[in-house]
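These notes are about the structure you will find just below.
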Amino acid sequence: MTSSPQSPPFQRTRRSTNNIMLQVVAGCIPGISIATWYFGYGVLLNVLLSIVFALCFEALAISLRSRHIQTTLADNSALVTAVLFGLTIPPGLPWWLLFLGIGFAILIAKHIYGGLGQNPFNPAMCGYLFLLLSFPSAMTSWHIPNDALSSVQEFAPTSLSGLQQSLHLTFPFLSHNTLNPIEFVDGLAMATPLIESKMAGTSKLLTAWQTDQSLFARSSETAWELVNIGYFLGGAFLLFQRVISWHIPVAIITTVMTISILFYSPGGYAIYGTPYLHLFGSATMIGAFFIATDPVSAATTNKGKLVYGVIIGLSIYGVRAWGSYLDSIAIAVLLGNFLAPLLDHFLRPRIYGHKKGVLGPSDMGGGSNKVIDS
Amino acid sequence: MNRTNYYPQQPLSLWNNNPVLVQLLGLSPVLAISTSITKGLALGMASVLVLLLSSVTVNLLKHQINQSWRWLWFGIIAAAATSFADLVMQFYFFPLSKELGIYLPLICCNVMILLRLESSLRTKNLAKVVIDNLIIGFGFLIIILLLAAIREALSTGGILSNLDLLRPKFLGPSIDDNENQRELLRFARLPPAAFIILGLIIAAKNLINSKRIITSSKIEIKTSNTKRERV
């Protein structure tokens, strides 16, 4: 008779990597659908295209590293990278820019360091910053279809002509006429409302509410606030599922809110934007809930997570208010990733039954942890 | 530990003793200057010149140089050779020396050169000093040219732009065509790209090395199998 030595009560965990990654993707769905409603099919097209490219690159890297392709692809980590990358880049970007960016993210930022679990930096943000540094003008202005602009079609779902225009923008070789794509697209839009409203906008949701406009009509310009609320709900779903812990999002949001309240002066000379705009008029929510909480590149101890979140929050606000970039999530998250091993080293929790760990240079970087026996 | 272990006895080679790829020395000029082949060629040639001049000087003065003060001597000799190269560059290639900027005087701080001075102090034969330092210098030059070619091709879409800067003063003024350069991938011009591409080159070299070891060990196994005899 064989019986394994067990003692109750044990709760079996059904968590696997691919399950967690799928839940992260599921958390993105409200934000993606609201963004697609307001900004056209280009958003969805970006996400789908980068998923395809990311899986191809992942398969290439896995086969180069002579791992088993099916089991490694099934962990869905490339899927999450692709979704986050596709959401950060502007719609209407040509396909080869997507190809370059996601290739950099998967090959250089992830597999050069040893694949999933070894990458010190968030791959999606590395790919985004690579594109931003290489093609600044293409990355900061983007085209949205006519339908997304016309205020006549209040409730028009994203129509097929919008899909056609998005396809033509993404695949320039599809359009037989040699016209400039700008000729059939009406407007250029900005990354987030941060830049246009000079950081002193009022809540469009509140305005629409007071003037009896529909909240979901495109003309009421509630897009960014609703997108952020969508990501907030998705993040709440992740928190509820315990895919992420509360430390990082709470630290980031509290820091951004506190510092933007401190610096906000409505009649002052320098207007740095309302706290509401910093939280809901920008990419703060997706950054706090989805990007900064990457379990590989973030800090792992609880105290470390709090400090990591505060650092990211401070640099988000700092780059926005005093920097020259449009939005700062990627830069802030990469800075946090740089500091995460240091935070984990100095903010190590005490192991039960031992005194506090000895800090020394010898056990930096994955060495054996020296602990004084009590 | 035996002191002679520090100084390998087998002849130096471009592959196994490459200062950039193996010893990882003198990286700062390589990373900073390798944005175009012209600049890389100029800085690489200047480094080779400084390396040769200073090592020959050190070798000739080896009986005068005090052991305990030798690093001071190395510094002075390398700085003198660098000043010479800098003045020659400023006289004949003034636009190019403006392009290189601070990295031309900084050659005297190149650790690759200072370490070579240490070994040329201990070499008896002057010809061997010249040959060894030529090998090391050309290893440096080849890698800086390779890195510069890759970065220039990625960032502008072509190589060998601004080659006119290499024309010395007595052959007429050089024309600076910096303005009409295309921009393909701006990231390749930035410092992170230099680190990434250099890392990829080192990785490729290590890959080739490991494949060589595998094939050579296979041959050894085969030969040892054939030679196995019953004792």
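Protein chains in written order, with our numbering: chain D, 1406 to 1779; chain S, 32 to 262.
A virtual CB, placed ideally from N, CA and C, is assigned to each residue, including glycine.
Best match in the options for proximity to residue i [C-alpha to C-alpha]
i	options	result
isoleucine 174(S)	Arg243(S), Trp100(S), Ile228(S), Asn240(S)	Ile228(S)
arginine 182(S)	Ile68(S), Leu52(S), Leu45(S)	Ile68(S)
leucine 194(S)	Gly71(S), Cys139(S), Leu135(S)	Gly71(S)
leucine 1536(D)	Asn1481(D), Ala1628(D), Ile1736(D), Val1715(D)	Ile1736(D)
valine 119(S)	Pro199(S), Ser248(S), Ala109(S), Gly189(S)	Pro199(S)
threonine 1663(D)	Phe1751(D), Pro1754(D), Ile1721(D), Asp1480(D)	Ile1721(D)
leucine 45(S)	Ser59(S), Ile162(S), Arg220(S)	Ile162(S)
asparagine 1781(D)	Val1430(D), Ala1510(D), Ile1634(D)	Summary: the structure shown does not reach residue 1781(D), with chain D confined to residues 1406 through 1779, and so no result is reported for it.
leucine 1631(D)	Ser1542(D), Arg1755(D), Leu1574(D), Tyr1681(D)	Tyr1681(D)
Neighbour-count burial assignment, residue i, 16 or more Cβ in a 10 Å radius
i	result
glutamine 1428(D)	buried
glutamate 130(S)	buried
alanine 1697(D)	buried
glycine 1709(D)	buried
alanine 235(S)	exposed
isoleucine 133(S)	exposed
lysine 155(S)	exposed
tyrosine 1636(D)	buried
asparagine 1524(D)	buried
glycine 57(S)	buried
threonine 246(S)	exposed
Residue i versus residue j - alpha carbon distance
i	j	result
histidine 1683(D)	serine 1471(D)	45 angstroms
threonine 1545(D)	proline 1495(D)	8 angstroms
lysine 1761(D)	proline 1746(D)	18 angstroms
glycine 1445(D)	leucine 1643(D)	26 angstroms
isoleucine 1734(D)	serine 86(S)	51 angstroms
leucine 43(S)	valine 160(S)	11 angstroms
leucine 1503(D)	leucine 216(S)	14 angstroms
asparagine 97(S)	methionine 143(S)	21 angstroms
serine 78(S)	leucine 91(S)	20 angstroms
leucine 74(S)	leucine 103(S)	24 angstroms
leucine 1739(D)	alanine 225(S)	19 angstroms
threonine 1705(D)	glycine 1432(D)	21 angstroms
isoleucine 1437(D)	arginine 1647(D)	21 angstroms
serine 192(S)	glycine 1718(D)	44 angstroms
serine 241(S)	isoleucine 1658(D)	49 angstroms
threonine 1476(D)	leucine 185(S)	35 angstroms
leucine 1469(D)	lysine 1515(D)	14 angstroms
threonine 1689(D)	serine 1665(D)	13 angstroms
leucine 1748(D)	glutamine 1416(D)	31 angstroms
alanine 1628(D)	valine 1701(D)	31 angstroms
glycine 165(S)	leucine 238(S)	Rather than glycine, the amino acid found at residue 165(S) in this sequence is leucine. C-alpha separation (whole angstroms): 26 angstroms.
9 angstroms Cβ cutoff, residue i in contact with chain S
i	result
serine 1767(D)	Here the model assigns serine 1767(D) a pLDDT of 45, short of 50, so the residue's position is not dependable, and the following value carries that caveat. No - not a single Cβ of chain S is within 9 angstroms of the one on serine 1767(D).
glutamate 1601(D)	Residue placement at glutamate 1601(D) is flagged as unreliable, the pLDDT there being 47, under the threshold of 50; the coordinate-derived value follows with that caveat. No, no contact with chain S.
glutamine 1411(D)	no
serine 1539(D)	yes
phenylalanine 1535(D)	yes
isoleucine 1494(D)	no
isoleucine 1513(D)	yes
isoleucine 1517(D)	yes
Residue i in three-state terms, based on DSSP
i	result
histidine 1473(D)	coil
histidine 1516(D)	helix
histidine 94(S)	coil
Chain D contact for residue i (CB, 9 angstroms cutoff)
i	result
leucine 62(S)	no
serine 245(S)	Reading off the sequence, residue 245(S) comes out as isoleucine, not serine. False, the Cβ-Cβ gap to chain D never drops below 9 angstroms.
alanine 30(S)	Outside the displayed span of chain S (32 to 262) sits residue 30(S), for which this structure offers no information.
leucine 148(S)	no
glycine 230(S)	yes
leucine 52(S)	no
Short CB-CB distance (under 9 angstroms) between residue i and chain C
i	result
isoleucine 227(S)	Absence of chain C from the displayed structure is noted, the protein chains being D and S.
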